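*Asks:* In the order they appear, the protein sequences are chains H and S.
For the first sequence, the numbering used here gives the first residue as 1, with consecutive numbering after it.
For the second sequence, the numbering used here gives the first residue as 1001, with consecutive numbering after it.
Beta carbons: idealized from backbone N, C-alpha and C, even for Gly.
Predicted model only: the values in this text are computed from it and were never measured.
Can you read through this structure? Questions will come right after.
There are 2 protein chains.
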Amino acid sequence: MKRPSRRRIDLASGGEFDRIRAILGDAWGGDGRKDGLPSVGPGDDAAVLGDWVFSTDLTVEDVHFRRRWIGLEALGHRAVQVALSDVGAMGAEPVAVLVSLALPESGLEVARALGEGVRRAASQAGAFLAGGDLSRSPGPMIIDVVALGRTDDPVLRSTAAPGEDLWITGTLGGASGAVATWEEGGTPNEALRARFERPDPPLHLLRELRREGQVGAGIDVSDGLLADAGHLAAASGLGVRVEEGRVPIDPHLVGFDPQRRLELALTGGEDYQLLFTASRRARDVLEARAEGPVALQRIGAVVKGAGVVRVAPDGTERPGDSGGFDHFEANTP
Amino acid sequence: MKRPSRRRIDLASGGEFDRIRAILGDAWGGDGRKDGLPSVGPGDDAAVLGDWVFSTDLTVEDVHFRRRWIGLEALGHRAVQVALSDVGAMGAEPVAVLVSLALPESGLEVARALGEGVRRAASQAGAFLAGGDLSRSPGPMIIDVVALGRTDDPVLRSTAAPGEDLWITGTLGGASGAVATWEEGGTPNEALRARFERPDPPLHLLRELRREGQVGAGIDVSDGLLADAGHLAAASGLGVRVEEGRVPIDPHLVGFDPQRRLELALTGGEDYQLLFTASRRARDVLEARAEGPVALQRIGAVVKGAGVVRVAPDGTERPGDSGGFDHFEANTP
């Protein structure tokens, strides 16, 4: 769960990603195989152990949100949705969440309101609240959500193939547009605020598409479209091209000039939509599906090479994977 | 993971426990059954899903530790041991950990040192580091560890039977003795400091005992012996008697008077030893085992009734389950 930076930072394959890899070190070699369990180590949206996937997402006050932006129940709901988006990105069925809370203030009311949102989000996803931990915090409110899902055929970041199309769900830029408005002293319109408050990744889409054989690789868009496209490309040892003119910019981003709208959609993060690859043969089926309740848009392609290239409507190309959020180098919100 | 309070607070069945239950609410009724998976909901040391158990433990700077008490590598090691103690208390085999870090300072060195301790603890337990999340913190350092284990026969808190003996591993009071010394401006001796720095629950004991049919119920001692005995008693709908004269007080608690040593052992918490029940028929086997590398001591019995009674060497009885740590009402360390 990240918030956008207004400084542009060279993330290359992702600042957070690189740091976590550094923390995790080489000891496990990115592959946590144990006792013959098929497993995927650190580096994907979630860890895989047998037919289970596990992901953990921190939400930290004054890093990922400010209190005045969002109510407590909505915050609990959001923290769970954000964690479940990793499960959805793996094409897994949401099963359970564990929620750890570090709360600066006492009071069951705070815990109850957060818990209500947590429960509602879990329940909507068909998952349940399986446990957690609780502590006082001498500083910010912190919510850590572990999401558990099941699949016998996980969608990884690393399995894109050259020539595949790149697809995105929903629209982009709305959540980061709300954050930018708040940070600039304004008040976002209700639609933008709702994008921040209630991320709504289509949690079951990639599971269905994988079953139908129509998805190559997938990732959720938390750091920003270009940054996460870069993560997918790096994990697959390939490059991606993103056609700017095809990117589904949130229609509620009024009050921003066209260039800013595009940048929010490309680099803002926070949207928790799903980015995936599919073969060209799946194009007709996916375009028909895009008429349904889950918006789908083809926005580019996987190519041989490395990194992300953004392609302007006039055909101009430039490197696209510098942008998105760096947890340490970004300013405090 | 808790630290002891020097104020005595009525925890009844446990302040943290009650609050988490309140947060979790009645919606899941304490039973997260889903899709026919046998499962145990909130309220035990870990959640159970199929043959997996999951537990999450927060370690918060200035709530659970101070920087000057413990180095970063030791802190990472400790956070994992504390989380794994819940897995051990369920009689499960440690498999993996996920580690979320919220760090007040930048710098890979901090993350690397913590990660080194995390990896070492996981590796010693036969588990691996499967992933995590990383964020900046505008306040305290926070480490949230999710521990995963496997068992097809979990040891619960709720399955004690009247007439069973109550057993404890290791010694008690050392870790909280170190904390008390620091908090009173002193410097604990090396042995006490090591008790705080390197909790060492016998992670495989309850699994072995369960396989041999020699354990009824179990819990790890994080809040304090009397408080956690109270949790076990409440979950089982029974009472427990703790014989003060049998409690294995840490021999390194020098510089405390005898009464204080006893209180630290009974209510100090932080020890992460395992408390379990076993039938009287198992007494000989367990006493023989107590000669081995894992210290075991019979300290009381499970009885019909409710709550905890502490029994002094002279036979005096008094209620024993007020004591231990309350995360909100306790003073900041």
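(1) Threshold first: 3 residues or longer. Then list the beta strand (DSSP E) segments lying entirely within the segment 1229–1274 of chain S, N to C.
(2) With a threshold of 6 angstroms on Cβ separation, who are the neighbours of G149/H within its own chain once the five nearest residues in sequence on each side are excluded?
(3) I want to see whether chain H comes within less than 8 angstroms of T1056/S, judged by CB atoms only; does it?
(4) Here's a check: name, in chain order, each residue in its chain whose Cβ is nearer than 8 angstroms to the Cβ of A27/H, leaving out the five neighbours to either side.
(5) Taking CB distances under 8 angstroms as the criterion, tell me whether L49/H reaches chain S.
(6) Provide the residue span of the beta strand (DSSP E) that contains F1054/S, from first to last.
(7) Considering Cα atoms alone, identify which of G1213/S, A1175/S, E1164/S and G1239/S is closest to R1078/S.
(8) On the three-state DSSP scale, how would you describe S1158/S?
(9) Under 8 angstroms between C-beta atoms, does G218/H make it to chain S?
(10) Taking Cβ positions only, does D144/H come closer than 8 angstroms to chain S?
(11) Tell me the rounded alpha-carbon separation between A229/H and L1274/S.
(12) For H1204/S and T187/H, what's the separation of their Cα atoms in angstroms?
(13) Could you check the C-alpha separation between G213/H and R1136/S for me, to the nearest Å?
(14) Note the first and the last residue of the continuous beta strand (DSSP E) segment covering D144/H.
(15) List the whole-angstrom C-beta distance separating R1157/S from D1044/S, where the pair is believed to meet the contact cut-off of C-beta under 8 angstroms.
(16) Note down the Cα distance separating I352/H from E61/H, rounded to an integer number of angstroms.
(17) Pick out the complete beta strand (DSSP E) segments inside the segment 1157–1198 of chain S, 3 residues or longer, and give them in chain order.
(18) Helix, strand or coil: which one does DSSP assign to R1281/S?
(19) Mind checking who E1093/S pairs with in its DSSP beta bridge?
(20) Report buried or exposed for E197/H, applying the criterion of at least 16 other Cβ atoms within 10 angstroms of its Cβ.
(21) At the level of alpha carbons, what is the spacing between A1301/S and Q1124/S?
(22) Tell me which residues share the same chain as L98/H and place their Cβ nearer than 6 angstroms to its Cβ, disregarding the 5 neighbours each side in the sequence.
(23) Output needed for P313/H: all residues of its chain with C-beta closer than 7 angstroms, excluding positions within five of it in sequence on either side, in chain order.
(24) State the beta-bridge partners of R318/H as determined by DSSP.
(25) Is the CB of G1307/S under 8 angstroms away from at least one CB in chain H?
(26) State the CB to CB distance for the pair Q81/H and P258/H, rounded to an integer number of angstroms; the pair is presumed to be in contact (CB under 8 angstroms).
(27) In the DSSP assignment, what residue or residues form a beta bridge with V1110/S?
(28) Does any CB atom of chain S fall closer than 8 angstroms to the CB of L75/H?
(29) Residues of chain B with a CB under 7 angstroms from the CB of V1087/S: which are they?
(30) Thinking C-alpha only, which one of G305/H, L238/H and L286/H is nearest Q297/H?
(31) Straight-line CA distance for A1161/S to V1303/S?
(32) Do T277/H and L206/H have their CB atoms nearer than 8 angstroms?
(33) Do we get a CB-CB distance below 8 angstroms when we pair S1222/S with the residues of chain H?
(34) Leaving out five residues before and five after R120/H in sequence, what residues of the same chain have Cβ atoms less than 6 angstroms from its Cβ?
(35) W1052/S versus chain H: which residues are under 9 angstroms apart at the beta carbon?
(36) By how many angstroms is the C-alpha of A217/H removed from the C-alpha of R1310/S?
*Replies:* In brief:
(1) 1239–1243
(2) V53, V87, A92, E93, P94 and V95
(3) yes
(4) Unreliable positioning characterises A27/H in this predicted model, as indicated by a pLDDT of 34, which lies under 50. The coordinate reading is nonetheless provided below. No residues qualify anywhere along the chain.
(5) yes
(6) W1052 to V1060
(7) A1175/S
(8) coil
(9) no
(10) yes
(11) 47 angstroms
(12) 56 angstroms
(13) 39 angstroms
(14) I142 to R150
(15) 5 angstroms
(16) One cannot answer for residue 352/H here, as it falls past the ends of chain H, which runs 1 to 333.
(17) 1165–1169
(18) helix
(19) R1150/S
(20) buried
(21) 33 angstroms
(22) A130, G131, G132 and V146
(23) E244 and G245
(24) R310/H
(25) no
(26) So it is not a contact: roughly 29 angstroms between Cβ atoms.
(27) None; V1110/S has no bridge partner.
(28) no
(29) As a matter of chain content, chain B is missing from the structure shown, whose protein chains are H and S.
(30) L286/H
(31) 8 angstroms
(32) no
(33) no
(34) H77
(35) L49, G50, W52 and L148
(36) 60 angstroms
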